[in-house]
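All remarks here apply to the structure that follows.
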Amino acid sequence: MTGPLLSVRDLRVEFATRKGALTALDGVSFDIAPGEVLGVVGESGAGKSLTGLAVIGLLDAPGRIDGGEIRLDGERIDNLPPARMRLIRGRRIGIIFQDPLTSLNPLMRIGDQLTETILAHKPIGRRQARAQAIAWLSEVGIPSPENRVDGYPHEFSGGMRQRVVIALALCAEPQLVIADEPTTALDVSVQAQIISLLKNLTRRHGAAVMLITHDMGVIAETADRVAVMYAGRIAEIGEVHELIRNPMHPYTQGLMAAIPTLAVRARRLMQIPGAMPRLSAIPRGCAFAPRCPQAFERCAERPPLIAVGDRGAACWLYDRSPAATDIRN
Amino acid sequence: MKAADPIVEVHGLGRVFDVSSPWVSRLIDGEPRRTLTAVDGLDFAIERGETFGLVGESGAGKSTLARMVVGLLEPSQGQVMIDGVDLAQTRDRPTRRAVRRRIQMIFQDPFASLNPRWRVGDIIAEPVRVFRPRDGGAGRLGRRAIAARVDELLELVGLHSADAPKFPHEFSGGQRQRIAIARAIAAHPDFIVCDEPTSALDVSIQAQILNLMRDLQERLGLTYLLITHNLAVVRFMATRVGVMYLGRLVEIGETDALFARPRHPYTRMLLDAVPDLSMSGRARTPIGGEPPNPIDPPPGCPFHPRCPKAIAICKSERPLFGDNVACHLAGADEPGPAAE
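Same order as they appear, the protein sequences are chains P and D.
Here this note's numbering is used: the first residue of the first sequence is 14, the next is one more, and so on.
Here this note's numbering is used: the first residue of the second sequence is 21, the next is one more, and so on.
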């Protein structure tokens, strides 16, 4: 086993509007290794969900992929015809959305939704598929699955519904699961249960996860690596513990300091002045520069993702090339 | 427990909602009336100048309580006293008016709580106009004075006086919440009920709003009732915390003490459930189950089906709220200091 499972290179997504094209994702590159959990974190509008949608080929018009490539196990999937993509979606890439109420069909029994999914992706008979559906319900922790399998979504609580959605996403045993804010709609106590369920199940089945969330706490508990997004770009990427303990990009630093913690009652929270720019007004150069306390002349030019060890930060502060050192002195 | 200088006192406050099906369906199906007890016999006081945080999961009755405290909803039982005046009982207009001015509210969704057809200046000026002195005395505000007050308020919340003629859609979520705060403080209130004021905002914006709320509290001597499901926000803002479960208070305590040594098993569970950013790898008590349906709450202690420490009495007898906690085991089997 070599090579990444998912490889995204220089992904650009544009939205055509009356006022011209808006670039929603700009030069997004990352890899996910088999079995790895990559957390994608950022504030609303940073492009997290859009990245997920682009990977599974569910971008809605007027959004479209305008450049770059997405490879799953070495095979390009960003330019496949819809019919081929449909075979990959569900079978090789499972999806978990935020709201379990809208991702389940309210008119279909839970068991039928699972059975249908299993039948669509696996060469087995209906009876066998139903047995597997029940096994999956028990695996995601639904009590007495033999009875609940014929229930409708409205008969389940929020947490139980999200468990069913997880079963649906995993039942075809995909290599990659894209989970978009899987716990945001849930209460804290239920959220903790769902996180540990997702973590354990994907590990047991060897599936990689792209975990999209705005909650750094969820990332800290779940992810192996994390990508921080800002204004449609990756600001920083790296191993989760290191990134949280020692954030490199000034945006990540500000973001981490702004999160209130349970441990101590701070006098004041650190705050980043201003707000993330709108897509129509992303500044030239570094998108964070106008809010950055450490900005300097170089930031008028857009920084690439600069590698520092096995981490990367899109910030000129980490440019160690001789030319850069000259400028700073 | 009696607060030294309470601004708000809540006595035996309860609210029951009728959630029955329409009567025709009830007649056909032979269904009885069904009620939901959203808030059940609450007693607490909020001291002047403090921030009282109220936490709980969805369905705990937090927002119902908030609406009763500000007088948007009539209690089914009990009373809310603001500086000794019970709004629901007082019919004397000048008294009601005087109390009303002193209570304001900040809502969760800054996109829904501002009228999209009003200019920001008018939104903020409304409470100034409504609550201006009536009898034409020295305090009477003219147009110019109102405009000056609006400018002052905008600057106070970190916006610009040039923002007054704009419409809400021209602002981001965080800026809109600033507008909502400016409106709330416009009539010089003493007490503000904040219902999930930052839940709709991103963390970096949340930090700005929380800092602003604390600054304003210091400058204007405000008292807050802060309702949220986010424990870290309560930790940062509150001086005292009440924990609600299924319409009842299960524990009240000074913030530091409550976070360091939670006494009710539910509080302990809530604290354990918060994802740990410091990744200390602390041991967590995994607790199963979800909050039960408030239409059909469990008998005895409502938390007993999820409680790891439940004993026989918990299943049959509802624990009384005493010594700031509602748990049969409190005192006898006090959970040890938190392993933070």
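Here a beta-carbon is modelled for each residue, glycine too, at the ideal position from N, C-alpha and C.
With a contact defined as Cβ atoms closer than 8 Å, Leu266/D and Pro311/D qualify at about 7 Å.
Contact between Arg122/D and Ile102/D holds, with the beta-carbon distance rounding to 7 Å and staying under 8 Å. Per the Cβ contact rule, the stretch 163-177 of chain D is in contact with the stretch 198-206 of chain D (3 or more Cβ pairs under 8 Å).
The three-state reading of DSSP puts Ser20/P in strand, counting E and B together.
Taking the Cα positions, Leu199/P is about 11 Å away from Ile208/P. Residues of the same chain with a CB within less than 6 Å of the CB of Arg53/D, apart from the 5 flanking positions on each side, are Ser40 in chain order.
When C-beta distances to chain P are compared with 8 Å, the residues of the stretch 220-247 of chain D below that value are Asp222, Val223, Ser224, Ile225, Gln226, Ala227, Gln228, Leu230, Asn231, Arg234, in chain order. Where Val201/P is concerned, the enclosing alpha helix (DSSP H) starts and stops at 201-217. Annotation: the continuous beta strand (DSSP E) that includes Glu274/D extends over 268-274. Along the stretch 258-278 of chain P, going in chain order, the ones with a CB nearer than 7 Å to a CB of chain D are Gly267, Leu268, Ala271, Ile272, Pro273, Thr274, Leu275, Ala276, Arg278.
CA-to-CA, the gap between Arg217/P and Val294/D works out to about 24 Å. Counting C-beta pairs closer than 8 Å gives three or more between the stretch 17-34 of chain P and the stretch 65-75 of chain P, which meets the contact rule. Neighbours of Ser57/P across chain D, judged by C-beta separation under 7 Å: Asp222. Assigned with DSSP and collapsed to three states, His31/D falls in strand.
Selection Ala24/D, Arg68/D, Leu62/D evaluated against Ala86/D yields Leu62/D as nearest (Cα-Cα).
Leaving aside the five residues that flank Gln99/D on each side, the residues in its chain whose CB is nearer than 6 Å to its CB run, in chain order, His31, Asp106. For Val119/D, same chain residues with a beta-carbon under 8 Å away, outside a window of 5 residues either side, are Ile102, Asp103, Val105, Leu107, Thr110 in chain order. At least 8 Å separates the CB of Phe187/D from every CB of chain P. With respect to Val54/P, Thr64/P sits apart: the two C-beta atoms are not nearer than 8 Å. Residue environment for Lys82/D: buried (at least 16 other C-beta atoms within 10 angstroms of its C-beta).
Met264/D and Pro282/D have their C-alpha atoms roughly 13 Å apart. By the Cβ test, the stretch 238-246 of chain P is in contact with the stretch 31-45 of chain P, since at least three Cβ pairs between them sit closer than 8 Å. In this chain, the alpha helix (DSSP H) harbouring Ile101/P covers 95-101. If you look at Ile106/P, you'll find it in the beta strand (DSSP E) that goes 106-109.
Residue burial annotation: Val44/D is exposed, with fewer than 16 other C-beta atoms found within 10 angstroms of its C-beta. Boundaries of the beta strand (DSSP E) around Asp63/D: 55-67. Residue burial is scored here from C-beta neighbours: Asn344/D has at least 16 other C-beta atoms within 10 angstroms and is therefore classed as buried.
Interface residue (Cβ-Cβ distance to chain P less than 8 Å): Met289/D is classified as such. In the displayed model, Gln141/P falls within a helix according to three-state DSSP. The beta carbon of Met125/D is closer than 6 Å to those of Val90, Val213 in its chain, skipping five residues each way along the sequence. Between Met229/P and Ala326/P, the gap from beta carbon to beta carbon reaches 8 Å or more. Counting only unbroken stretches of 3 or more residues, no beta strand (DSSP E) element lies wholly within the stretch 155-181 of chain P. Counting along the chain, Phe256/D sits inside the alpha helix (DSSP H) bounded by residues 251-257.
Annotated three-state conformation of Thr218/D is coil, per DSSP.
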